[in-house]
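In this text, residue positions in the sequence shown follow our numbering: the first is 450, and each later residue adds one. Glycine included, every Cβ here is placed at the ideal spot set by N, Cα and C.
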Amino acid sequence: MATPDWNAVLDDLAAAGWTARVVRATRMDDIRDRVAGVLASGELPGPTAAELEGVVAFAWPAGVTEPRAVVVGATARPLTRATLTLDGETREVVVPPHYAGYRTVPDGLAAALSAALAPSGASAARFEPPLKTLAACAGLARYGRNNIAYVQGSLGSYLMLAAAVTDAAPPADDVWGEPQQLDRCERCSACLRACPSGAIRADRFLLQTDRCLTGVNEDEAPFPDWVDPAWHHCAVGCLRCQQACPENAGVDLVVAPAEVFDDDETAAVLAATPAEELGAATRDKLCRCGLDYSPTLIARNLRVLLGR
Ligand code: SF4
Ligand code: SF4
């Protein structure tokens, strides 16, 4: 199969809303080694390499018989909102940009890539390697001091990453290298000052992930004693460092219309009602505002936000 005109393919992806890079599929060996090295170093708490295999997919997806190139892309995502109704009064809660559509939006990259490669007869499929590491090594994103991936320019950190693999021949000159941090981090401490939990430290660049509020409120485990309930300001996750970051100052963050939950719907969500027991309309609203996973986790977070 001939090498496609990758510049034209990346232009097509851009037209579909994806800022993207393409690398050789063999680069995934380096990703695996890097992740294993970080885990083995003990610098970060987290899963073992064996556990990681169950979280991210290093195995190639079905549908591409001879993986040769990997495309990693970033697309802008909106801040989403939910208006909850309690005893006739409403309270709005926000959800950071990368939650809504986390199951489905990444399919868009594989679909756009398939369409762009269709003339060459190549196929493409969604792929779930460690996306931040891939995006950073491929030169698509840079790390901030808050361990968040930034695509400088119009996206900042308000984005969703995705990857797709294809049997199309990769470019001979793919960009690959050490992950880079934002230049601005050398002279900036805005996120450090904004972080409520002390997860961003002055004495090292690596985030202290076990102190990050996002990790805490994305986890089913009870909140640790050191978490001040007043720190929570999102239905899940945390936005403080991203909102404080000057790299995001020029980003045109879209704020989605609030999904409104009436008294009965709010009560059902706060009661951690399983999705299959909710009405279809309620499920759709939860999906649109990014609250469509673990009902117990979401209910716990919302109860803290609402002081219930
Ligand atoms: S997400 Fe929140 S808790 Fe985590 S580093 Fe950023 S500001 Fe700190
Ligand atoms: S707030 Fe400053 S230090 Fe933190 S990620 Fe942004 S540029 Fe870097």
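C-alpha distance - residue i paired with residue j, whole-angstrom precision
i, j, result
"Phe654", "Arg594", "6 Å"
"Asp701", "Gly522", "19 Å"
"Leu754", "Ala679", "8 Å"
"Arg689", "Ile649", "11 Å"
"Asp632", "Pro695", "12 Å"
"Ala721", "Asp711", "15 Å"
"Ala564", "Pro516", "17 Å"
"Pro555", "Ala612", "7 Å"
"Ala639", "Gln691", "9 Å"
"Leu751", "Ala643", "22 Å"
"Cys634", "Tyr592", "9 Å"
"Cys586", "Leu656", "19 Å"
"Phe576", "Ala489", "24 Å"
"Glu533", "Val484", "Reading off the sequence shown, one finds Leu at residue 533, where the question assumed Glu. If I take the Cα positions, the gap works out to 40 Å."
"Val704", "Val520", "28 Å"
"Thr468", "Thr663", "26 Å"
"Cys837", "Asp733", "The structure shown does not extend to residue 837, since the chain spans only 450 to 757, so no value can be given for it."
Nearest-angstrom beta carbon gap, residue j and residue i [assumed within contact, 8 Å]
i, j, result
"Glu538", "Arg530", "So it is not a contact: roughly 16 Å between Cβ atoms."
"Pro619", "Val472", "7 Å"
"Val513", "Val614", "5 Å"
"Gly626", "Gly588", "7 Å"
"Ser569", "Ala729", "With a Cβ gap of about 40 Å, Ser569 and Ala729 do not count as contacting."
"Pro453", "Ala573", "So it is not a contact: roughly 11 Å between Cβ atoms."
"Arg470", "Val624", "7 Å"
"Ala474", "Ala518", "6 Å"
Sequence-distant residues of its chain with Cβ nearer than 8 Å to residue i (five each side left out)
i, result
"Leu740", "Ala531, Val544, Tyr548, Ala684, Val685, Val718 and Ile747"
"Glu667", "Val685, Gly686 and Leu746"
"Ala590", "Ala523, Lys581, Ala584, Ala598, Tyr599, Val600 and Leu610"
"Pro628", "Thr582, Ala585, Cys586, Arg591 and Tyr592"
"Ala536", "Here residue 536 turns out to be Asp, not Ala, going by the sequence shown. Around Asp536: Asp712."
Nonlocal neighbours in the same chain, by C-beta distance under 7 Å from residue i, ignoring five residues either side
i, result
"Leu727", "Ala717"
"Phe507", "Met477, Arg481 and Pro578"
"Phe672", "Val665"
"Pro744", "Ala721, Thr722, Pro723 and Ala724"
Nearest to residue i (by Cα), restricted to the options the options
i, options, result
"Tyr607", "Ser743, Ala613 and Pro546", "Pro546"
"Cys736", "Ala707, Leu562, Val519 and Asp461", "Ala707"
"Ala463", "Gln629, Leu562, Arg749 and Val676", "Leu562"
"Gly550", "Arg749, Gly756 and Tyr742", "Tyr742"
"Cys637", "Thr553, Ala693 and Glu669", "Ala693"
"Gly756", "His681, Ala698 and Arg526", "His681"
"Gly605", "Trp509, Thr553, Asp659 and Pro527", "Pro527"
"Ala560", "Ala525, Gly466 and Trp509", "Gly466"
"Ala815", "Arg552, Trp455 and Asn697", "A question about residue 815 goes unanswered here, because the residues of the chain that appear run from 450 up to 757."
"Ser603", "Asp733, Gly699 and Asp460", "Gly699"
Contacting residues, own chain, Cβ-Cβ under 6 Å from residue i (five flanking each side not counted)
i, result
"Glu714", "Thr731"
"Asp674", "none"
"Glu669", "Leu746"
Residue i: CB within 6 Å of a non-hydrogen atom of ligand 3
i, result
"Thr534", "This structure lacks ligand 3; its bound ligands are ligand 1 and ligand 2."
Those runs of the alpha helix (DSSP H) which lie wholly inside the stretch 627-682 and span at least 4 residues: The qualifying runs are 639-643 and 662-666.
Would you mind listing the beta strand (DSSP E) stretches within the stretch 502-576 that are 3+ residues and don't spill past its ends, in chain order? Runs of the beta strand (DSSP E) spanning 3 or more residues and lying entirely within the stretch 502-576 occur at 518-525, 529-535, 538-544 and 573-576, in chain order.
Which parts of the stretch 676-738 are runs of the alpha helix (DSSP H), unbroken and 4 residues or longer, counting only runs that do not cross its ends? Correct list: 689-693, 712-719 and 729-737.
I'd like the ranges of any alpha helix (DSSP H) spanning at least 4 consecutive residues and lying wholly in the stretch 467-492. Within the stretch 467-492, the complete alpha helix (DSSP H) runs of at least 4 residues are 476-490.
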